[in-house]
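So the sequence lines, in the order shown, correspond to chains P and V.
Under my numbering, the residue at position 62 of the first sequence is numbered 62, and the numbers go up by one with no gaps.
Under my numbering, the residue at position 77 of the second sequence is numbered 77, and the numbers go up by one with no gaps.
Even glycine gets a Cβ: it sits at the ideal position worked out from N, Cα and C.
Step one of this worksheet: look at the structure below.
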Amino acid sequence: MSPVAAPTNETGDLTRLSAARMSELLAAKEVSSRELVQAHLDRIDRVDGAVHAFLRTMPEQAFEAADAVDRARAKGEALGPLAGVPVAVKDVLATNGTVTTCGSKILENWTPVYDATVIEKLRAVGTPLIGKTNMDEFAMGSSTEHSAYGATHNPWDLDRIPGGSGGGSAAAVGAFEAPLALGSDTGGSIRQPASVTGTVGTKPTYGGVSRYGLVAMASSLDQVGPVARGVLDAALLHAAIGGHDPHDSTSLDEPVPDVVAAAKLGAARDLKGVRVGIVGQLRGEGFQQGVLDRYAEALGLLEDMGAEVSVVDCPSFEYALGAYYLIMPSEASSNLARFDAMRYGIRVAPESGPATVETVMGATREAGFGDEVKRRIILGTYALSAGYYDAYYGSAQKVRTLVQADFRAAFEKVDVLVSPTTPTTAFKLGEKLDDPLQMYLSDVATIPANLAGTPGISVPIGLADGLPVGLQVLAPARADEWCYRLGAAVEAALEDQWGGPLLNQAPALPEGTASAAKPVSGTEGGAR
Amino acid sequence: MSVLSRDEVAHLAHLARISLTDQELDLMATQLDAVVDAVAVVQSAVTADTPATSHPLPLTNGWREDVVQPGLSNEAALSSAPREEAGQFRVPQILGEEP
Numbered sequence: 001m002s003p004v005a006a007p008t009n010e011t012g013d014l015t016r017l018s019a020a021r022m023s024e025l026l027a028a029k030e031v032s033s034r035e036l037v038q039a040h041l042d043r044i045d046r047v048d049g050a051v052h053a054f055l056r057t058m059p060e061q062a063f064e065a066a067d068a069v070d071r072a073r074a075k076g077e078a079l080g081p082l083a084g085v086p087v088a089v090k091d092v093l094a095t096n097g098t099v100t101t102c103g104s105k106i107l108e109n110w111t112p113v114y115d116a117t118v119i120e121k122l123r124a125v126g127t128p129l130i131g132k133t134n135m136d137e138f139a140m141g142s143s144t145e146h147s148a149y150g151a152t153h154n155p156w157d158l159d160r161i162p163g164g165s166g167g168g169s170a171a172a173v174g175a176f177e178a179p180l181a182l183g184s185d186t187g188g189s190i191r192q193p194a195s196v197t198g199t200v201g202t203k204p205t206y207g208g209v210s211r212y213g214l215v216a217m218a219s220s221l222d223q224v225g226p227v228a229r230g231v232l233d234a235a236l237l238h239a240a241i242g243g244h245d246p247h248d249s250t251s252l253d254e255p256v257p258d259v260v261a262a263a264k265l266g267a268a269r270d271l272k273g274v275r276v277g278i279v280g281q282l283r284g285e286g287f288q289q290g291v292l293d294r295y296a297e298a299l300g301l302l303e304d305m306g307a308e309v310s311v312v313d314c315p316s317f318e319y320a321l322g323a324y325y326l327i328m329p330s331e332a333s334s335n336l337a338r339f340d341a342m343r344y345g346i347r348v349a350p351e352s353g354p355a356t357v358e359t360v361m362g363a364t365r366e367a368g369f370g371d372e373v374k375r376r377i378i379l380g381t382y383a384l385s386a387g388y389y390d391a392y393y394g395s396a397q398k399v400r401t402l403v404q405a406d407f408r409a410a411f412e413k414v415d416v417l418v419s420p421t422t423p424t425t426a427f428k429l430g431e432k433l434d435d436p437l438q439m440y441l442s443d444v445a446t447i448p449a450n451l452a453g454t455p456g457i458s459v460p461i462g463l464a465d466g467l468p469v470g471l472q473v474l475a476p477a478r479a480d481e482w483c484y485r486l487g488a489a490v491e492a493a494l495e496d497q498w499g500g501p502l503l504n505q506a507p508a509l510p511e512g513t514a515s516a517a518k519p520v521s522g523t524e525g526g527a528r
Numbered sequence: 001m002s003v004l005s006r007d008e009v010a011h012l013a014h015l016a017r018i019s020l021t022d023q024e025l026d027l028m029a030t031q032l033d034a035v036v037d038a039v040a041v042v043q044s045a046v047t048a049d050t051p052a053t054s055h056p057l058p059l060t061n062g063w064r065e066d067v068v069q070p071g072l073s074n075e076a077a078l079s080s081a082p083r084e085e086a087g088q089f090r091v092p093q094i095l096g097e098e099p
């Protein structure tokens, strides 16, 4: 008898399997990549009308990639662990020949003529790319409500936000529409959606994963990373996309930390001698009681597994949110200047008066950008303007120094830092849409790592009033493996208590509403 | 006290080349004023002596050898252009007419 059980022995539904399990079944030829792609596209057909995680599906490309992998496997070629495992892609990453909107109207017709490096890497290892996921416009938001193409809904409660900006990727894996997805994290856009959807997401060390082909929001903060349902799955994707890229001048020329080995080590649940620091500034005030309850239990688990847990002060974290909402808009105002209606994207003529470059630019950006993007561009323009630069952007950069110093001091005392990933569970759609400042507070715990360039992961630690809560594990720069080791330990201990993954407790999704995702046949680009 | 006036927001929007409507200006001035008020807290955290940091990691420029690499074809570079002519981007008039 084969040591690898057939999928029917597990749930009968291929979409419920972990990516690691899919990988085993593919290697054992118990399942084909084509079957996996078909199962996920079927699932998208059934449930994405309710969830709206996808902007586009790419069935032709996905089947083509799946068939190529299946043929290679039949010939006995050596294949990587993710060969044949479908992956969804946040629409912030350039995909050659497939429209990439970044959630914005201004890019509604932009067909990239090149692949982002991470996309190129995934194509090279043979992962079928099944679709592009929804996001807040230009990755600006914490709820996916700022997408020009409609909000994504949280699979746990369709009236609630899936987080943002990568709510589409998190909801896609949470709703079993994809086993894995790519995200990008500038202030928490991978970790916060993971937290509120009961999934796993990692922001790698800055420079650990190439940003070439990522539509830039804030270049000193942006980082591409994996979105998954389990820690090992996230590690497998991280390993596949990480590494140096000569196309990205901020890419680290160093080997990818062995995150897969770390996830496997963590699952053994032995944390003897591991020093864990509770961030003193990220608990208590502003945090929902249910979140703090699950957090306290998770800290207890870490101690049970042998970790030495202590409180570590990071006083400058109090100012991190303020610094972030100056640095990010400043960099965004500069990066988004490229959307000038001249070389790509939509072009809109002014309603009246002469159509000059200046008036066309103004009319196009007015029509093509949504409210949040306009707000941040104007805020950034203000922070960088003569007379205010020192007070705002300058002070924010100084706070950045202090945040880095706090991390450095903390990591002299402990191996990892922990906090709740988000102050609250998923809020209702529309609840914070008219109050930008309240929305910004969703990122209070995730932002420090972006300012410092350090890695962080969010793993589910239970429910508060029926909604998922996440634990954030932060590690020193270039030590991403610590996130995976701790994350996997907590996951293993909790799944033992729960009798399986947290997502098994999620309510069934309504089926049958037509999906809003546009299926793309072949490619949309090429010569006109 | 208002730190950011409606007129200032209008000026900033012009600098950023976004033709806001009057209604948008009203709303955005109120919202941005609240945000600026909140983020101004950073000023109290630092002193003149605190060094500034612009980047998370101390990276130096990544150079490559100065050799020709494959690039985009003319057709590919123009494939998403709003308008093109003779292998070039066609853009609106750049300088205004003299009155």
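For residue i, the first and last residue of its enclosing beta strand (DSSP E)
| i | result |
| --- | --- |
| P/Phe54 | Phe54 to Thr57 |
| P/Ser419 | Val416 to Pro420 |
| P/Val260 | Run containing P/Val260: none in the beta strand (DSSP E); it sits in the alpha helix (DSSP H), Val259 to Gly266. |
Collapsed DSSP secondary structure at residue i in the structure displayed
| i | result |
| --- | --- |
| P/Ser316 | helix |
| P/Thr117 | helix |
| P/Gly300 | helix |
| P/Gln61 | helix |
| P/Gln289 | helix |
| P/Leu463 | strand |
| P/Thr401 | helix |
| V/Leu20 | coil |
| P/Val4 | Unreliable placement is indicated for P/Val4, whose pLDDT of 47 sits below 50; the coordinate value is still reported in the next sentence. P/Val4 falls in the coil class under three-state DSSP. |
| P/Lys272 | coil |
| P/Gly322 | helix |
| P/Ala527 | Here the model assigns P/Ala527 a pLDDT of 33, short of 50, so the residue's position is not dependable, and the following value carries that caveat. Here P/Ala527 sits in coil by DSSP. |
| P/Lys413 | helix |
| P/Leu214 | strand |
| P/Pro468 | strand |
| P/Thr513 | coil |
Cβ neighbours of residue i in the same chain (closer than 6 Å, five flanking residues each side left out)
| i | result |
| --- | --- |
| P/Gln404 | Ala452 |
| P/Asp248 | Ser210, Arg211 and Tyr212 |
| P/Arg46 | Glu511 |
| V/Phe89 | Ala81 |
| P/Leu282 | Ser419 and Ala445 |
| P/Ala479 | none |
| P/Gly207 | Thr250, Ser251 and Leu252 |
| P/Ala234 | Val200, Thr202, Pro226 and Ala228 |
| P/Ser165 | Met135, Asp136, Ala139, Gly141 and Ser189 |
Continuous alpha helix (DSSP H) stretch holding residue i: start and end
| i | result |
| --- | --- |
| P/Thr364 | Val357 to Gly368 |
| P/Ala391 | Neither: P/Ala391 is in no alpha helix (DSSP H) and is coded neither H nor E. |
| P/Thr381 | Asp371 to Ala383 |
| P/Leu494 | Glu481 to Trp498 |
| V/Ala45 | Here V/Ala45 belongs to no alpha helix (DSSP H), and DSSP marks it neither H nor E. |
| P/Val47 | Ser33 to Val51 |
| P/Ser251 | Where P/Ser251 is concerned, there is no enclosing alpha helix (DSSP H), given that its DSSP letter is neither H nor E. |
| V/His11 | Arg6 to Leu15 |
| P/Ser18 | Element bounds for P/Ser18: n/a, residue is neither H nor E. |
| P/Gln438 | Pro436 to Tyr440 |
| V/Glu75 | Asn74 to Ala77 |
Cβ neighbours of residue i in the same chain (closer than 7 Å, five flanking residues each side left out)
| i | result |
| --- | --- |
| V/Leu32 | Leu4 and Val9 |
| P/Phe427 | Arg160 and Ile161 |
| P/Ala178 | His40, Pro86, Val87, Ala88, Ile130 and Ala172 |
| P/Ile447 | Gly187, Gly188, Ala320, Leu321 and Tyr324 |
| P/Arg294 | Ile461, Gly462, Ala464 and Val469 |
Which residues DSSP lists as bridging residue i, in chain order
| i | result |
| --- | --- |
| P/Val279 | P/Val312 |
| P/Ile457 | P/Thr202 and P/Val473 |
| P/Pro448 | According to DSSP, P/Pro448 bridges with nothing at all. |
| P/Ala228 | P/Leu180 and P/Val200 |
| V/Phe89 | V/Glu84 |
| P/Gly519 | Sequence inspection shows Pro at residue 519 of chain P; the Gly mentioned does not correspond to that position. In DSSP, P/Pro519 forms a bridge with P/Thr57. |
| P/Lys428 | P/Arg160 |
| P/Gly242 | P/Val209 |
Sequence-distant residues of its chain with Cβ nearer than 8 Å to residue i (five each side left out)
| i | result |
| --- | --- |
| P/Thr523 | Gln61, Asn96, Gly97, Thr98 and Thr111 |
| P/Gly150 | His52, Asn134 and Ala516 |
| P/Ser32 | Leu26, Ala66, Asp70 and Gly84 |
| Considering only residues of the segment 139 to 211 of chain P, which uninterrupted beta strand (DSSP E) runs meet the minimum length of 3 residues and lie entirely inside it, listed in chain order? | 180 to 184 and 200 to 203
| Runs of alpha helix (DSSP H) wholly within the segment 72 to 142 of chain P (minimum 4 residues, chain order) | 117 to 125
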